[in-house]
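In my numbering, the protein residues as written are 112 to 398. Here is the structure we will look at, set down as structure tokens.
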């Protein structure tokens, strides 16, 4: 059986990935600074801080994984794009790859970002790109397999409240106005469950290199907001009076998920995913 090391297992995407990994195919080992209490549900949890090189090395040595799905990165704070801590995560991603390979690892999939495509980059995006370039070359020269999933605009249950979809839903649920930008820019929104299934599909495939993880369809941000408001019957609480996108932001960012489609992967329609997400929040927040 393949032995899988999963990082970021308690995060937005990691929680979904845990639900979708085939336990008949993988012996799953998850790393977390604070492993959850309660039943393990067939998962071997390990307490370790990836930003501590010693803890990282010890954990990988103890697990000796054959496969690696690396999702961990600190992107929940409002300043994550510019925070110097991105450099720590850059180093951790490279150290993890080396430890993984030195203990017999044969295939790794890392989570990247569509922000790598933006001409006006950030420390977050350049740090991700540096990990991708370094680990890709390491895998190529050392003869093992590595895929880099560039995730576009994920949404769904459990997303950070500062992101567009949960922000609008949460404001409307409590009867407050959602202030949004004019929303002319087109983005490729993808449900978190579909992001997870894409990463798991990559893990079990022989696809190497960068892979776009998105629907392949662009939708204006304003349209997404209007759909949410219509489904919630609260169009009166949406105002497009926010600041416009920055001049350097691209008008359109849409994935080309060619490699994923070749694996038989598909994602749900955006309207369907938004409806499911609204229901999830309704069940957990007061009306």
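Glycine is no exception: its CB is placed at the ideal position from the N, C-alpha and C atoms.
Distance CB(residue i)-CB(residue j) smaller than 8 angstroms
i: residue 260; j: residue 310; result: yes
i: residue 266; j: residue 274; result: yes
i: residue 323; j: residue 277; result: no
i: residue 170; j: residue 142; result: yes
i: residue 342; j: residue 290; result: no
Cα-Cα separation, residue i to residue j
i: residue 338; j: residue 184; result: 31 angstroms
i: residue 350; j: residue 175; result: 52 angstroms
i: residue 374; j: residue 187; result: 31 angstroms
i: residue 392; j: residue 234; result: 32 angstroms
i: residue 333; j: residue 292; result: 8 angstroms
i: residue 129; j: residue 307; result: 9 angstroms
i: residue 140; j: residue 117; result: 6 angstroms
i: residue 282; j: residue 123; result: 20 angstroms
i: residue 120; j: residue 243; result: 20 angstroms
i: residue 177; j: residue 340; result: 46 angstroms
i: residue 208; j: residue 181; result: 9 angstroms
i: residue 300; j: residue 381; result: 7 angstroms
Extent of the continuous beta strand (DSSP E) to which residue i belongs
i: residue 266; result: 264-266
i: residue 320; result: 320-324
i: residue 139; result: 137-143
i: residue 192; result: Here residue 192 belongs to no beta strand (DSSP E), and DSSP marks it neither H nor E.
i: residue 181; result: 178-181
i: residue 175; result: Per DSSP, residue 175 belongs to no beta strand (DSSP E) and is neither H nor E.
i: residue 134; result: Counting along the chain, residue 134 falls outside any beta strand (DSSP E), and DSSP gives it neither H nor E.
Endpoints, the alpha helix (DSSP H) within which residue i is located
i: residue 391; result: 381-395
i: residue 155; result: Residue 155 -> not in any alpha helix (DSSP H); beta strand (DSSP E) instead, spanning 155-158.
i: residue 121; result: Element bounds for residue 121: n/a, residue is neither H nor E.
i: residue 373; result: 369-373
Buried versus exposed call for residue i [16 or more other C-beta atoms within 10 Å across all chains shown]
i: residue 127; result: buried
i: residue 388; result: buried
i: residue 360; result: exposed
i: residue 314; result: buried
i: residue 325; result: buried
i: residue 224; result: buried
i: residue 215; result: exposed
i: residue 384; result: buried
Any non-hydrogen atom of the ligand GDP closer than 7 angstroms to residue i Cβ
i: residue 273; result: The model depicted lacks the ligand GDP and carries no ligand whatsoever.
To test your reading of the DSSP string, which unbroken alpha helix (DSSP H) runs of 4 or more residues are found completely within the segment 302-366? 303-314, 332-342
Could you give the uninterrupted runs of the alpha helix (DSSP H) lying entirely in the segment 238-291, keeping only those of 4 residues or more? 275-284
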